[in-house]
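There are 2 protein chains.
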Amino acid sequence: MRALHSITASAIRLTDPELTSRNPLIRKLERFVHLTEEDRAALESVSAQARAVDPHIDLIREGAVPEDAVLVLEGFACRYTHCQNGSRQIIAYLLPGDLCDVDLADLGSMDHAVGTLSRCIIARVPREALVSLIAQHPNIARALRLSKLAEEATARAWIVGLGCRSAQERVTHLFCELLVRMEAVGLVREGWCPLPLTQVDLADTLGLSNVHVNRLLQDLRRRGLILLRGRSLKLLDLEGIRAMAEFSPRYLHAASCDSGELLL
Amino acid sequence: MRALHSITASAIRLTDPELTSRNPLIRKLERFVHLTEEDRAALESVSAQARAVDPHIDLIREGAVPEDAVLVLEGFACRYTHCQNGSRQIIAYLLPGDLCDVDLADLGSMDHAVGTLSRCIIARVPREALVSLIAQHPNIARALRLSKLAEEATARAWIVGLGCRSAQERVTHLFCELLVRMEAVGLVREGWCPLPLTQVDLADTLGLSNVHVNRLLQDLRRRGLILLRGRSLKLLDLEGIRAMAEFSPRYLHAASCDSGELLL
DNA sequence: CGAAAAGTTGAACTGAATCAATGCCGGTGG
DNA sequence: CCACCGGCATTGATTCAGTTCAACTTTTCG
Numbered sequence: 001m002r003a004l005h006s007i008t009a010s011a012i013r014l015t016d017p018e019l020t021s022r023n024p025l026i027r028k029l030e031r032f033v034h035l036t037e038e039d040r041a042a043l044e045s046v047s048a049q050a051r052a053v054d055p056h057i058d059l060i061r062e063g064a065v066p067e068d069a070v071l072v073l074e075g076f077a078c079r080y081t082h083c084q085n086g087s088r089q090i091i092a093y094l095l096p097g098d099l100c101d102v103d104l105a106d107l108g109s110m111d112h113a114v115g116t117l118s119r120c121i122i123a124r125v126p127r128e129a130l131v132s133l134i135a136q137h138p139n140i141a142r143a144l145r146l147s148k149l150a151e152e153a154t155a156r157a158w159i160v161g162l163g164c165r166s167a168q169e170r171v172t173h174l175f176c177e178l179l180v181r182m183e184a185v186g187l188v189r190e191g192w193c194p195l196p197l198t199q200v201d202l203a204d205t206l207g208l209s210n211v212h213v214n215r216l217l218q219d220l221r222r223r224g225l226i227l228l229r230g231r232s233l234k235l236l237d238l239e240g241i242r243a244m245a246e247f248s249p250r251y252l253h254a255a256s257c258d259s260g261e262l263l264l
Numbered sequence: 265m266r267a268l269h270s271i272t273a274s275a276i277r278l279t280d281p282e283l284t285s286r287n288p289l290i291r292k293l294e295r296f297v298h299l300t301e302e303d304r305a306a307l308e309s310v311s312a313q314a315r316a317v318d319p320h321i322d323l324i325r326e327g328a329v330p331e332d333a334v335l336v337l338e339g340f341a342c343r344y345t346h347c348q349n350g351s352r353q354i355i356a357y358l359l360p361g362d363l364c365d366v367d368l369a370d371l372g373s374m375d376h377a378v379g380t381l382s383r384c385i386i387a388r389v390p391r392e393a394l395v396s397l398i399a400q401h402p403n404i405a406r407a408l409r410l411s412k413l414a415e416e417a418t419a420r421a422w423i424v425g426l427g428c429r430s431a432q433e434r435v436t437h438l439f440c441e442l443l444v445r446m447e448a449v450g451l452v453r454e455g456w457c458p459l460p461l462t463q464v465d466l467a468d469t470l471g472l473s474n475v476h477v478n479r480l481l482q483d484l485r486r487r488g489l490i491l492l493r494g495r496s497l498k499l500l501d502l503e504g505i506r507a508m509a510e511f512s513p514r515y516l517h518a519a520s521c522d523s524g525e526l527l528l
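Protein chains in written order, with our numbering: chain A, 1 to 264; chain B, 265 to 528.
Right, here's the structure in full:
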């Protein structure tokens, strides 16, 4: 059986060397650890019964005590809150492959909401399924721990950005982050990165007004640094943009990854 | 032996009902779980061999791969980074009782530095000691997990503050947060909360200039909302300040605490 | 095709930064 | 004990990055 599986796997690899799996959760976790066929099967089964969700729909409401974890398979979702002045602050993006609130067991009521930004494919992982997944698959448990560390590093990077970067630096830094994260789950094709966000979404992420975001994007386009077409983004002068954003991809793999290739 | 211990404990409680322990780590974790005498002894032993550290000293440098966790017993430390424009951004405060980087085992190189702000008393907990502490004391393990959730909630609150609150709201929100956290480790006396920070430190925390922080503080004093004397802070109209900061202490106990009293 | 959502533009405004000088206080050494 | 020094706090004047408001255009999508 083991032999059979690896033959199958390598056959797939020969026909389509890039797609070890279409499941973004598997792709993401494989950046951190090596998964066995059993691990992958468990992850596939957890991702079954996904359903499409419209944009701007709450997946977990603020104050709720979540009974299952949210797994994003397609589209962009986010954590967010509303301030009393009416403005919305996006706290984190949930991209394909992201599994929200792994520590369900310890979690009390939510201090923020989780909702879709674009149309999404979402799977719900019940608490018991999550617990047994972690208990029975040490590789997966470790990969989830490592990706949680990356999430925390991302939150820190957002604090730094909001605290001490200019508006243009924030925009470009966010684009660099999204590119790396989407690449990690195999969703970047020929430099084009899906970006199903409105300028208002970007503004609520970056602590800016939508008007100003609009002008910043125009400026980047005029200078030939980015292309924005049909909900996709292409960074033209990647090195230049990284320099102006002071972006280092290291924090996104915050961990002792074995594969050196990951460090870029 | 068990009986003896509990007699001792209640005797201490009778003479000094407030001080279940002077150790801020124990005080903090006891807000989340009930600790046995063995748990407490283990935590005391981990806190032994603390040493004084001057202000503005790095405890962990950016890029380092830490071999032990940092435990703050007295004073204020922080996580921070330098942006290339020269400004410093403080990412999190480490207050007495805070144990930095519990997931040492999974951690790669640091994407930020950890340093003292004021004079501090610091203990270093070697990796093996930390691992065995967690393995042998499930209560402590759970309490550390819960306090990590509170840390994450705090980071999210900082993102919200930097993203969409006015300068004055940020200052007052930070003061409310510090008051609650210092109260949790028994360091607030008659409403006075230690605040061994300069206005530059506050500015680097809040994404403001030191000049502006100075003016905001003067304004708060003039309006009779705070007192600032000798590295201590007193919030006079706590309800008013909480309202203007849109502060809810709930996120700081982000978890299923059993004690209702914690929810305020 | 028509309505709603998203993007674009200009003008006026403002919160906060910057720059630069001054005052204060606590520690240190003579 | 006093004089000096360095870090921190305070003040005023000026500038600027980014907001707000409001109108207008373009795109999307049922």
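In this text, a Cβ means the ideal position worked out from N, Cα and C, and glycines have one as well.
Would you identify the three-state DSSP class for residue i, choosing helix, strand or coil?
i       : result
L484(B) : helix
R13(A)  : Per-residue confidence for R13(A) stands at a pLDDT of 39, beneath the threshold of 50, marking its modelled position as unreliable; the derived number appears in the next sentence. Reduced to three states, the DSSP call for R13(A) is helix.
T198(A) : coil
I398(B) : helix
D204(A) : helix
T345(B) : strand
M90(A)  : The sequence as given places Ile at residue 90(A); Met does not occur at that position. I90(A): strand per DSSP, three-state reduction.
L516(B) : helix
R391(B) : helix
T268(A) : As shown, chain A starts at 1 and ends at 264. That puts residue 268(A) outside it, with no answer to give.
S270(A) : This structure cannot speak to residue 270(A), because chain A is shown only from 1 to 264.
S373(B) : coil
A50(A)  : coil
I121(A) : strand
D367(B) : coil
M265(B) : Low per-residue confidence applies at M265(B): pLDDT is 40, beneath 50, and the placement is therefore not dependable, though the value from the model is reported in the following sentence. It is coil, neither helix nor strand.
S309(B) : helix
L59(A)  : strand
V180(A) : helix
A417(B) : helix
D362(B) : coil
Would the beta-carbon of residue i fall within 8 Å of that of residue j?
i       : j       : result
S512(B) : P460(B) : no
I122(A) : V72(A)  : yes
R388(B) : D332(B) : yes
L225(A) : V213(A) : no
A531(B) : L368(B) : A query on residue 531(B) cannot be resolved here, the shown segment of chain B reaching from 265 to 528 and no further.
H437(B) : G455(B) : no
P79(A)  : H56(A)  : It should be pointed out that residue 79(A) corresponds to Arg in this sequence rather than to Pro. Not closer than 8 Å, so no.
L252(A) : T154(A) : yes
C347(B) : E246(A) : yes
A328(B) : S285(B) : no
C193(A) : L179(A) : yes
A314(B) : I404(B) : no
S309(B) : N287(B) : no
P66(A)  : L107(A) : yes
V114(A) : V70(A)  : yes
C120(A) : V53(A)  : yes
Assuming residue i and residue j are in contact, meaning their beta carbons sit under 8 Å apart, how far apart are those beta carbons, in whole angstroms?
i       : j       : result
L132(A) : L29(A)  : Per the sequence shown, residue 132(A) should be read as Ser rather than Leu. With a Cβ gap of about 17 Å, S132(A) and L29(A) do not count as contacting.
Q353(B) : G163(A) : 4 Å
T380(B) : G339(B) : 6 Å
I134(A) : L149(A) : Incorrect: roughly 16 Å between the Cβ atoms, too far for contact.
W158(A) : I355(B) : Incorrect: roughly 10 Å between the Cβ atoms, too far for contact.
L228(A) : L217(A) : 7 Å
Just the chain B side, please: which residues come within less than 8 Å of residue i by C-beta, in chain order?
i       : result
R165(A) : C347
E62(A)  : Simply none; closest approach about 11 Å.
D103(A) : R409, L413
Just to make sure I have the definition right: I need the residues of chain B whose C-beta is within less than 7 Å of the C-beta of residue i. Which are they?
i       : result
W158(A) : I423
What does residue i touch in chain A if you count any residue whose Cβ is under 8 Å from its own?
i       : result
Y357(B) : The contacting residues do not exist; Y357(B) stays about 12 Å from chain A at best.
A419(B) : E152, A155, R156, I159
E510(B) : C83, Q84
Taking C-beta pairs closer than 9 Å, name the residues in chain B that residue i reaches, listed in chain order.
i      : result
S87(A) : G427, C428
In chain A, which residues lie less than 7 Å from residue i when you measure between Cβ atoms?
i       : result
R514(B) : D111
G471(B) : L162, G163, C164
Report whether the distance from the Cβ of residue i to the nearest heavy atom of the ligand ATP is below 7 Å.
i       : result
A167(A) : No copy of the ligand ATP occurs in the structure displayed, which carries no ligand at all.
Indicate whether the contact test is met: 3 or more Cβ pairs, each with one atom in the segment 348 to 363 of chain B and one in the segment 441 to 452 of chain B, closer than 8 Å. yes
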